[in-house]
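In this note's numbering, the protein residues as written are 11 to 277.
First the structure, in the form of structure tokens, and then the observations on it.
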Amino acid sequence: MRRIMITGAAGLIGRMLRARWQARWPMVLVDRAEMDPPGPDETVVRCELTDADAMRAAMQGVDAVVHLGGVSTEAPWESIRDANIEGCYQTFEAARMAGVRRMVFASSNHAIGFYPRTARLDGSEAVRPDTRYGVSKVFGEALASLYADKFGLSAVCLRLGTARQPDEPGERRHLATWISHRDLAHLVERAIEADIHFEIVFGASRNREGWWPDEAARRIGYQPRDSADDWRDRVAEHANDRDPIARDLQGGIFCSWENTRMTGMAR
Ligand code: 15L
């Protein structure tokens, strides 16, 4: 029986996976924020990702880590550095020392956000991060590659699109980027179980307007069942859809924030 660690277990995706996996796998649930008390076969660990001792202790007996923890949007450098750079490093280090078999790293489409919406990407092209947050995801992907090649900690990096609550697209951009909770849970399960050394995989549902025709997703056995198309007529226009920078680029509004080159603002 696999024992799975979920970091960021108090977040939207962490809670969704926890609820689905309760009868399936023993879990170690890690977050700095408060979580529901442990059920049978669950261990709840409240700590910072940067707390190397706590992370090493929590990692004992873990077979696979789903690393969702850290800052999940753009933030001041200090927050990104602590949670997404140092915290990510300590998570990989604890996993290496405990002999973990598989790391599933929650990366993001913001690692490639400056590609135009006309581009079709498969993960083999150069990164174009759109934020400090996106840069931290590129760092995590690079760390995953290093630990796979040097220490045999096999890894799947999921460049996730948009997972939301409510579980439906909320702006026009999401018609390409949306991933349903059901598809996301299936994607993470395939990332845990696939026979893979290292892979970067985009995470979106079966959206007709999608930008990521993903061979790697097929290689790990991901078969999405939902589609943003079902909401096409119900998605109201959002301010982000009218932003002159956001509307042409895959990362959307993340590309606009603090942008002095395309807005002509002073640096
Ligand atoms: C992300 O990486 C964020 O974590 C999430 O909140 C969304 O903004 C998503 O990307 C997106 O691109 O829609």
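Backbone N, C-alpha and C define an ideal beta-carbon position, used for all residues, glycine too.
Nearest by alpha-carbon distance to Leu-170: which of Gly-261, Thr-128, Thr-53 is it? Gly-261
In its own chain, which residues sit with a C-beta less than 8 Å from the C-beta of Ile-14, not counting the 5 before and 5 after it? Trp-31, Trp-35, Pro-36, Met-37, Val-38, Val-72, Asp-73, Ala-74, Val-75, Val-76, Ile-202
Could you say if the segment 235-243 and the segment 183-199 meet the contact criterion of at least three C-beta pairs nearer than 8 Å? yes
Around the Cβ of His-196, are there at least 16 other Cβ atoms within 10 angstroms (buried) or fewer (exposed)? buried
Nearest-angstrom Cβ-Cβ length linking Arg-106 and Leu-163, presumed shorter than 8 Å: 6 Å
Hey, how far is the Cα of Ser-134 from the Cα of Gly-274? 32 Å
Given Gly-49 as reference, the closest of Asp-41, Pro-179, Ala-33 once Cα atoms are compared: Ala-33
Taking Cβ positions, are Glu-219 and Asp-132 nearer each other than 7 Å? no
Thinking C-beta only, is Asn-94 closer than 7 Å to Ser-155? no
What is the residue span of the beta strand (DSSP E) that Ile-206 lies within? Unbroken run through Ile-206: none, as it is neither H nor E.
Using alpha carbons as the reference points, say which of Trp-221, Arg-182, Phe-212 lies closest to Thr-128. Trp-221
Report the three-state DSSP secondary structure of Ile-90 (helix, strand or coil). helix
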